[in-house]
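Encoded as structure tokens, the structure appears first; notes follow it.
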Amino acid sequence: MNRDLQDVCKFKDYVVELAKARVNSLLVGEKPSPWKGLGVDVEDFREYTYGDDYRNIDWKISARLPYIENPRFVVKEFGEEKALNTIILLDASASMGFGLKWATALTSLIIILEVARKLKDRIGLIVKNSEKKLLVLPTGASGLDAYILSKLCRGKIKPTGHVKLREVVDEIYPYISRRFFIVLITDFAHEVEDFREAIKLLKEKSLGLGAIMVQDKRELKVPSNGLITLKDLETESTLGLLRSEDPTLLSAILKRHFRAILLTLKSHSIPYVQLNGLIETLHKTSKIISIYGRGREATYV
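The sequence shown runs contiguously to residue 328 in my numbering.
Okay, structure coming up:
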């Protein structure tokens, strides 16, 4: 267990409370909750205040309002939507155990669980490696973070072996429907074709899908000093960088691979966020919340 994962597990109560504080600070404020407005029925109208989503402005009513110095705008308020069923697919293949990636994935998982708890959504989870899986069918999110962290931190299931993303999708496929929102937490260590097939299947089954792509900074830049041997944690294959130009060539290949994975998400209009480390994950809490919100909206279409 690496140092950062030890910190997440040792101080899991603190990490959970910190994630809750970040989520609460972004969901509660002077303006109405950003989650009001994800329903489909207009309940009321009110005057625009700073911070409101301009997409909720009713331009017909606003055009009829008299004003002297500045224009006035009216926004629509929507009824609160029903509780949503959410499934999180957490990749536990060996590559997720490299560097900060597993700790980053767990931190983002805690944030999603807190958002779901705040919105009273039902949430489920599948964690799968090459040896075993942890499956939690949709249930109330309250207390789920402590249960899941206790399982993962005690090593009941940890990043191990090679797992095709399509296999994870096949495991969860019978449990989901069009009205489920699916959150994928994974890295870029996938064969592009396998990733495309998995995403295509998920989009066919569910209206709402979001992705959290975790990375380690060492994956973004190949060292150029000395002779280096790289090892694939999932397949055990190795690659030696013997020539001075090899790091540059490998960096170009990796960038092309990253682009292909992201292009798959973009081509299916799937909102995603890239995370590199615990601090960045907490700083990007608003983006994680945004992905959750957009997924909920898509699910209710």
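Here a beta-carbon is modelled for each residue, glycine too, at the ideal position from N, C-alpha and C.
| query | result |
| --- | --- |
| Candidates Val249, Ala143, Ala287 and Asn83, of which the one nearest Leu277 by Cα | Val249 |
| Contact under 9 angstroms by Cβ, Leu229 with Arg206 | no |
| First through last residue of the beta strand (DSSP E) which encompasses Phe208 | Phe207 to Thr213 |
| Sub-9 angstroms separation of Val190 and Ser157 beta-carbons | yes |
| Selection from His284, Glu194, Gly320 and Ile138 that minimises the alpha carbon distance to Glu398 | In the structure displayed, the chain extends from 28 to 328; residue 398 sits before or after that span and is not available. |
| Residues near Glu57 in its chain [Cβ-Cβ closer than 7 angstroms; skip 5 each side] | With a pLDDT of 35 at Glu57, under the threshold of 50, the modelled position of this residue cannot be trusted; read the value that follows with caution. If we look at Glu57 and ignore the five residues flanking it on each side, it has no Cβ neighbours. |
| Check whether Ile115 and Leu54 have beta carbons under 9 angstroms apart | no |
| Opposing strand residues paired with Phe72 [DSSP bridges] | Lys103 |
| Complete runs of the alpha helix (DSSP H) confined to the segment 153–200 [at least 4 residues] | 171–180 and 192–199 |
| Anticipated Cβ contact below 8 angstroms, Ile212 with Ala132, distance rounded | 5 angstroms |
| Beta-ladder partner(s) of Gln301, from DSSP | Met240 |
| Inter-residue Cα distance where the pair is His284 and Gly320 | 28 angstroms |
| Per-residue DSSP class, three states only, for Asp273 | helix |
| Same chain only: Cβ atoms within 7 angstroms of Glu198, ignoring 5 sequence neighbours per side | Ile153, Lys155 and Lys160 |
| The segment 294–305 / the segment 231–247 touching (three or more Cβ pairs under 8 angstroms) | yes |
| Alpha-carbon to alpha-carbon, Ser317 and Ala90 | 30 angstroms |
| Alpha-carbon to alpha-carbon, Gly322 and His310 | 20 angstroms |
| From Ala143, Val102 and Leu247, residue whose alpha carbon lies closest to that of Arg286 | Leu247 |
| Helix, strand or coil at Asp148 [DSSP, three-state] | coil |
| CB of Leu179 within 9 angstroms of CB of Ala225, strictly | no |
| Own chain, CB closer than 6 angstroms to Pro61, minus 5 neighbours either side, in chain order | Any reading at Pro61 needs caution, since the residue's pLDDT is 45, under 50, leaving its predicted position unreliable; the model's value is listed next. The answer is none, since no qualifying residue turns up. |
| Inter-residue spacing [alpha-carbon to alpha-carbon] between Ser120 and His217 | 10 angstroms |
| Where the beta strand (DSSP E) containing Leu117 begins and where it ends | Asn112 to Asp118 |
| Own chain, CB closer than 8 angstroms to Arg49, minus 5 neighbours either side, in chain order | Ile138, Leu309 and Thr312 |
| Outcome for Lys128 when other beta-carbon atoms lying within 10 angstroms are tallied against a minimum of 16 | buried |
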